[in-house]
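Colleague: Mind looking over this structure? Questions follow.
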Amino acid sequence: MFWRIFLLNAAVLVIATVALLLGPVTVSTPVVIREALILGVGLAAMLAANAALLRIGLGPLARLTRTMATTDLLRPGNRLPATGHGRQVRDLITTFNTMLDRLEAERATSAARALSAQEGERHRIAQELHDEIGQTLTAVLLELKRVADHAPSPVREEIRQVQETTRNSLDEIRRIARRLRPGVLEELGLTSALRALVTEFTASGLAVRGRFGTDLPELSREVELVLYRVAQESLTNTARHARAGHVDLSLHRHGQGVELRIRDDGRGLGRAPEGAGIRGMRERALLIGADLAVGPHSGTGTEVRLRVPDPAGKRD
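Heads up: take any position in the sequence shown, counting from 1, add 1, and you land on the working numbering.
So, in structure tokens, the structure goes:
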């Protein structure tokens, strides 16, 4: 818009200057070099003044354009001050800020519903895995044991191998059910659930060290679930993609709230775009008004930091 208006005004001024130099109303005929220089300087001054005025007048619109291009609803709070020369420009910026407020509120509401439905579906699947498939495999194990006790010696060894495979499958199903529905979180609290998470990933080959504060404030169930899911997703991403050997997981008081921090010594994020896992963590953080930061830390590796200013899980 700036260049369109500027070039249009410049074209008009150039045409007027040329007409003054070459037309019958020229100051001198033929053209005097001195007068041409004076007119050229005048033209340049007019163009400079025109450009400065347009830049000042359209500056708020340029800032608004940059804000619109960089707005991310997963990083809320980015607002443009309603300033500028002219009521229409200020009204436009105010309308844009109001629209952002509405979009962020609607996204937070829809994300809360989606995540609530997701947790409910996880709970249902975990229950079915435990109650139906788990019990079925347990019955199969008992039947295999009965058959093995009466089977001939050559066949008995093969049945034992089938038993072992079935037992490993049962253990895997129970592990999946625990990850879908962290029963230890509901029964023993966040610190115990995080300790169990540390033990689980350490047993899978990733050296995880957990450190937990003893003066943590009282946390709501929603905050505890978000903290647990962020820690779980971070450790899962580290195990799958980071090629890390060691991970530090800590949960401590931070002001009136808490801070969860996960650091690894892997290859880092590089220039890879954020995947669904990180976007999911950001959405969960928004539900409790928390601040999530994902990036490199000193040395190598990646750091995930989640700060919860309100441990009760209330949003303004």
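Note that beta-carbon positions come from the ideal geometry of N, C-alpha and C, so glycine has one too.
All figures in this text were calculated on a predicted structure; none of them were measured in a lab.
Please go through the region 164-251 and give each complete beta strand (DSSP E) segment of 3 or more residues, from N-terminal end onward.
Modeller: Whole beta strand (DSSP E) segments, 3+ residues: 208-213.
Colleague: What residues match up with Pro82 in a beta bridge as DSSP calls it?
Modeller: None, per the DSSP bridge assignment.
Colleague: Tell me, which residues are paired with His1 by DSSP?
Modeller: One cannot answer for residue 1 here, as it falls past the ends of the chain, which runs 2 to 317.
Colleague: For Leu293, which residues does DSSP report across the bridge?
Modeller: Per DSSP, Leu307.
Colleague: So if DSSP puts Glu265 in a beta bridge, which residue, or which two residues, is it bridged to?
Modeller: Here residue 265 turns out to be Asp, not Glu, going by the sequence shown. Answer is Val248, bridged to Asp265.
Colleague: Distance, Cα to Cα, Ala109 vs Met282?
Modeller: Distance between the alpha carbons of Ala109 and Met282: 13 Å.
Colleague: Between the beta-carbon of Gln128 and the beta-carbon of Leu145, is there less than 8 Å?
Modeller: No, the pair does not count as a contact, with Cβ atoms beyond the cut-off.
Colleague: How many whole angstroms separate the CB atoms of Val309 and Ala291, which I take to be in contact at a CB cut-off of 8 Å?
Modeller: Val309 to Ala291, Cβ: 4 Å. Contact.
Colleague: With DSSP as the reference, label Glu105 as helix, strand or coil.
Modeller: Helix, per DSSP.
Colleague: Restricting to runs no shorter than 3 residues, where is the beta strand (DSSP E) found entirely within the region 110-152?
Modeller: List check, beta strand (DSSP E) in window: nothing returned.
Colleague: For Leu288, report the span of its alpha helix (DSSP H) as first-last.
Modeller: Looking at the DSSP string, the run of the alpha helix (DSSP H) that includes Leu288 is 277-288.
Colleague: Nearest to Gly214 by CA position, among Arg56, His253, Asn238, Ala140, is which residue?
Modeller: Nearest option by C-alpha distance: His253.
Colleague: On the CB-based measure, 16 or more other CB atoms within 10 Å of its CB, does Ile289 come out buried or exposed?
Modeller: Ile289 is buried by the Cβ-count criterion.
Colleague: If Leu181 and Ile126 are in contact, beta carbons under 8 Å, what's the gap, nearest whole angstrom?
Modeller: Between Ile126 and Leu181 the Cβ distance is about 6 Å, and since that is below 8 Å, they are a contact.
Colleague: Can you list, in chain order, the residues of its chain whose CB lies under 8 Å from that of Val97, leaving out five sequence neighbours each side?
Modeller: Note on identity: in this sequence residue 97 is Phe, with Val being the wrong assignment. Leu65, Thr68, Met69, Leu81, listed in sequence order.
Colleague: Report yes if the C-beta distance between Val185 and Val199 is below 8 Å; otherwise report no.
Modeller: Contact: no.
Colleague: By the three-class DSSP mapping on this structure, what secondary structure does Ala273 have?
Modeller: In this structure, Ala273 counts as coil in the three-state DSSP scheme.
Colleague: CB-CB under 8 Å to Pro297, same chain, minus the five flanking residues each way: which ones, in chain order?
Modeller: Excluding positions up to five away in sequence, the list reads Gly269, Leu270, Thr303, Glu304.
Colleague: Find out if the Cβ-Cβ distance for the pair Ala245, Thr237 is shorter than 8 Å.
Modeller: In this structure, Thr237 does not lie closer than 8 Å to Ala245 by Cβ.
Colleague: Please work out which residues of its chain come closer than 7 Å, Cβ to Cβ, to Ala178, disregarding the five sequence neighbours upstream and downstream, and give them in chain order.
Modeller: Closer than 7 Å at the Cβ level, and outside the excluded window around Ala178, lie Ala127, Leu130, His131.
Colleague: If you draw a straight line from the C-alpha of Ser111 to the C-alpha of Leu104, how long is it?
Modeller: Computed Cα separation, rounded: 10 Å.
Colleague: In terms of alpha-carbon separation, which member of Ala53, Met47, Thr84 lies closest to Pro61?
Modeller: Nearest C-alpha to Pro61: Thr84.
Colleague: Using only CA atoms, which one of Val248, Leu261, Ile174, Glu234 lies nearest to Leu217?
Modeller: Minimum Cα distance to Leu217 is reached at Leu261.
Colleague: State the Cα-Cα distance for the pair Arg280 and Phe202, rounded to the nearest angstrom.
Modeller: Approximately 22 Å between the Cα atoms of the pair.
Colleague: Answer yes or no: do Leu138 and Ile174 have a C-beta to C-beta separation smaller than 8 Å?
Modeller: Their beta carbons are under 8 Å apart, which means Leu138 touches Ile174 by this criterion.
Colleague: Tell me whether Val90 sits in a helix, a strand or coil according to DSSP, three-state version.
Modeller: The answer is helix: DSSP assigns Val90 an H, G or I state.
Colleague: How many angstroms separate the CA atom of Pro183 from the CA atom of Ala152?
Modeller: Roughly 40 Å between the two C-alpha positions.
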